[in-house]
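Counting the sequence shown from 1 gives a position; our numbering is that position plus 2.
Idealized CB from N, CA, C, for every residue including glycine.
I have placed the structure first, in the form of structure tokens, so that the comments after it can refer back to it.
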Amino acid sequence: MRAALLLLLALAGAAAALEASSLHTLDTTDKGRTVCHDLRHRKRTLKLIKETAFSGVFRYLANGTEHIKVTKFEASGVARVQGEFYVVFDNSMALGHLDDRFRFRDPHNLLIGPWEPESQFEGIAYVPENDTFLLLHEAIPHKKTERTGTYKPFIREVRINKDFTDYETLKNCEYNIEFVDSNKGFESIQYIHTKDGPWLLGMCEGNHCEGGEKGKDKGNGRMLAAQLKWLEDGSCVWEPSKTIAVPEGAYFTDYSAIAYNYETQKLAVLSQEDSAIWIGDFIGDELRFASEDGQLFYLPRDNHCEMIYCNAEGIVWVDNYRIAIASDKAKARQPYWCDAKDQSIHLFAMPMNWDPYSPAAKANARLDQEAAEELEEAASGGSTAELDGQINYHNPKAKEGQSKLPSNNFTHNFVQKTSPCCACIWRFMLTLAQAAGFKRLGGAGQGAAVQIILMVLLNAAGLLPAFQRWLWHVGNNPDDCLYPEIPHLPAGSTTRAWRWQWAFMNDELPATPPGEPLTDAELQALGQRLFGTVGAGQGQPAAGDQAAAQN
């Protein structure tokens with residue numbers, strides 16, 4: 003009976019964690035492990051130059067003809083013309099105009115045109131031949147049947163007035179493709195003038211240019227190339243005639259923006275869900291990729307390797323070495339820390355080893371060689387720098403030698419740094435957690451589920467005291483199971499890699515091996531702490547719990 007009650011408690015806690023994870027967490031898994039400490043990952047992380055919220059750069063949060071309190075800037079696309087940025091917002095008809103100084107309430111920065119109504123703008127492209135802009139309406143209802151409705155993108159061509167107070171719509175042409183899902187249409191456009199005339203590339207948000215489960219099939223990005231046609235009735239249509247498959251090295255969950263650099267012939271593909279950029283060699287005149295090779299780059303993460311640029315939706319090249327990104331409003335289902343970077347414009351520098359004129363394959367080989375040399379140099383100097391040679395940064399879809407474990411600090415430190423006997427224990431328990439239906443929890447959630455299952459089973463079998471003694475022994479004798487360079491952590495540590503050990507040890511190793519198994523009340527308190535956040539000075543057990551933990 004006691005074991006059944008404990009198992010019920012564990013399942014209830016896991017269900018609560020599952021619900022919280024699906025609503026408020028971001029999947030930070032990356033090819034089976036945490037990669038932020040990997041030398042090649044660090045060499046592929048963009049450097050933030052500066053950023054600012056849209057709510058701070060405009061002196062007037064509406065144009066002169068309106069009295070509207072603007073509180074949201076759902077940026078969805080950005081273009082750059084003669085050193086100045088033009089931004090579209092999907093919750094407004096206005097265009098944002100600002101220079102690259104990003105100064106607070108600068109009178110030079112303006113909102114052009116009426117703020118209302120909502121526009122569903124998702125992209126913007128500049129046409130240099132006639133000094134106009136193409137604005138992408140993501141999906142407008144086209145026709146409806148009894149079972150489903152379909153949607154078509156529309157391209158609005160506008161010219162900004164000389165006084166920058168408004169813009170004139172020159173034409174509004176449909177893009178001749180139908181989408182079933184109104185939120186999974188085009189996310190970005192790119193205007194390219196080739197030897198065969200002007201073309202407009204439309205980047206589909208979902209893989210295979212679809213929504214639903216098929217749209218989540220990573221590595222199947224699609225662009226459509228269309229030319230403007232005039233019909234007999236005087237109407238216009240962008241008629242697609244070519245589908246361009248993005249190389250599968252852009253192994254992304256979604257595709258939020260594209261940007262083409264004419265000089266270097268580099269096409270950047272941005273993913274909002276993966277907070278990353280893939281850059282490939284693209285021959286503009288032929289509307290094709292030069293090869294399947296590309297380079298993967300990451301937007302910066304925080305000191306826990308969590309994504310913080312969660313809503314990157316627009317991208318543009320500033321020059322050959324810098325890019326600008328516009329961020330949408332954070333969603334309610336995302337973690338709270340995504341709010342800090344949302345509704346903003348960011349300026350990034352490419353990594354210092356970036357060569358804009360080097361083919362992707364050659365650049366990848368050079369970066370790998372440099373990382374290997376740095377690793378060898380660090381190792382000879384006694385450094386603990388690491389490089390996981392199993393990770394394929396050029397084609398993340400490759401799976402040879404890759405761990406199937408979720409990506410979090412616990413998995414990385416425990417499995418990557420332990421002997422095979424210790425690692426196999428964790429792998430077995432993780433498999434058990436996944437088999438129990440905890441796949442949706444993500445790395446940290448699965449880790450918590452494993453912890454609860456492990457404690458319940460050991461307690462029910464009467465083996466918890468022995469397990470606690472083993473943990474104590476491992477912590478005080480790391481040579482027996484852990485490599486010497488991984489010491490036990492000081493009191494107050496919040497590293498998730500060791501949370502499961504420290505949670506019932508009051509965040510420090512006991513002076514003597516633990517003895518008695520946990521009581522039901524102590525196990526319940528442990529479960530609450532494992533599914534919550536244990537920080538320095540937080541989540542400490544009551545006096546009775548502390549005494550029991552050290553008996």
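- Taking all protein chains shown into account, Y62 has fewer than 16 neighbouring C-beta atoms within 10 Å of its C-beta and is therefore exposed.
- Scanning L202, L230, H39, Y257 for the CA closest to the CA of E212 turns up Y257.
- In the three-state reduction of the DSSP assignment, D168 falls in the coil class, being assigned neither a helical nor a strand state.
- Q192 carries a strand assignment under DSSP once its states are collapsed to helix, strand and coil.
- In this structure the region 38 to 50 does not lie against the region 124 to 137, because fewer than three pairs of beta carbons, one per stretch, are closer than 8 Å.
- Per DSSP, the unbroken alpha helix (DSSP H) holding F56 starts and ends at 56 to 59.
- Taking a C-beta distance under 8 Å as the contact criterion, G204 and P155 qualify as a contact pair.
- When the beta-carbon positions are compared, M225 and V248 come within less than 8 Å of each other.
- Across the structure, I246 and T54 are spaced so that their CA atoms are roughly 34 Å apart.
- With respect to A292, I285 sits close: the two C-beta atoms are nearer than 8 Å.
- Spanning the alpha carbons of K220 and F188 requires a straight line of approximately 17 Å.
- Separation of the CB atoms of A326 and F87 is rounded to 6 Å, and the pair is thereby assigned contact status at 8 Å.
- In this structure, the straight-line span from the alpha carbon of S190 to that of E376 is close to 38 Å.
- For the pair of segments examined, the region 313 to 322 was found to touch the region 258 to 267: the number of CB pairs separated by less than 8 Å reaches three.
- Under DSSP, R161 shares a beta bridge with E170.
- Under the DSSP assignment, Q345 falls outside any beta strand (DSSP E); it carries neither an H nor an E label.
- Rounded to the nearest whole angstrom, the CA to CA distance from D357 to S273 is 22 Å.
- Annotation: the continuous beta strand (DSSP E) that includes L269 extends over 268 to 273.
- The criterion of a C-beta distance shorter than 8 Å is not satisfied by L97 and N111.
- Per the DSSP secondary-structure output, R303 pairs in a beta bridge with M309.
- Around the beta carbon of D283, a 10 Å sphere encloses 16 or more other beta carbons of the protein chains shown; the residue is thus reported as buried.
- Sixteen is the threshold: since fewer than 16 other Cβ atoms of the shown chains lie within 10 Å of the Cβ of K197, the residue is exposed.
- Here K244 really is in contact with A227; their C-beta atoms are around 4 Å apart, less than 8 Å.
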